[in-house]
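Heads up: the structure comes next, in structure tokens.
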Amino acid sequence: MTLEAVQPGETRRMQFSIPVEELRFYDVISQSLMVEEGCYIIGAGTSSANILIKTEIQIPGKKTGQRDFSSKDT
Numbered sequence: 002m003t004l005e006a007v008q009p010g011e012t013r014r015m016q017f018s019i020p021v022e023e024l025r026f027y028d029v030i031s032q033s034l035m036v037e038e039g040c041y042i043i044g045a046g047t048s049s050a051n052i053l054i055k056t057e058i059q060i061p062g063k064k065t066g067q068r069d070f071s072s073k074d075t
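Residues in the sequence shown are numbered from 2 upward in steps of one, following the working numbering.
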């Protein structure tokens, strides 16, 4: 992907792909990397405090459900 400066007042359309593997996290229960099923919000802007556009995508995967990590097995 080539990045070019966008001039003030100029608009451009861009398209990019995010591999599903980039959404993985390490699950301590299954001790493996996984993608959790759900709605993901992708946003773009000048900073994380100034999101100018966003879209929602539905990702298939596994449901982890709620987990209780407050107690420790001995």
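Ideal placement from N, C-alpha and C gives every residue a C-beta, glycine not left out. All values reported here derive from a predicted model rather than from experimental measurement.
Please report the distance separating the alpha-carbon of residue i from that of residue j.
i   : j   : result
F26 : L53 : 27 Å
I19 : Q67 : 26 Å
V29 : I58 : 25 Å
S33 : G44 : 27 Å
Q16 : A50 : 22 Å
T75 : Y41 : Note that T75 scores 46 on pLDDT, short of 50, meaning its location in the model is unreliable; the coordinates nonetheless yield the value given after this. Approximately 36 Å between the Cα atoms of the pair.
If you compare alpha carbons, which of the options is closest to residue i?
i   : options            : result
K63 : L24, R13, Q16, M15 : L24
T39 : S49, M15, I60      : Note that residue 39 is Gly in the sequence shown here, rather than Thr. Among S49, M15, I60, the Cα nearest to that of G39 is on I60.
I believe residue i touches residue j by the beta-carbon criterion, under 8 Å. Please report the beta-carbon distance rounded to the nearest angstrom.
i   : j   : result
V7  : R13 : 6 Å
E37 : T65 : 6 Å
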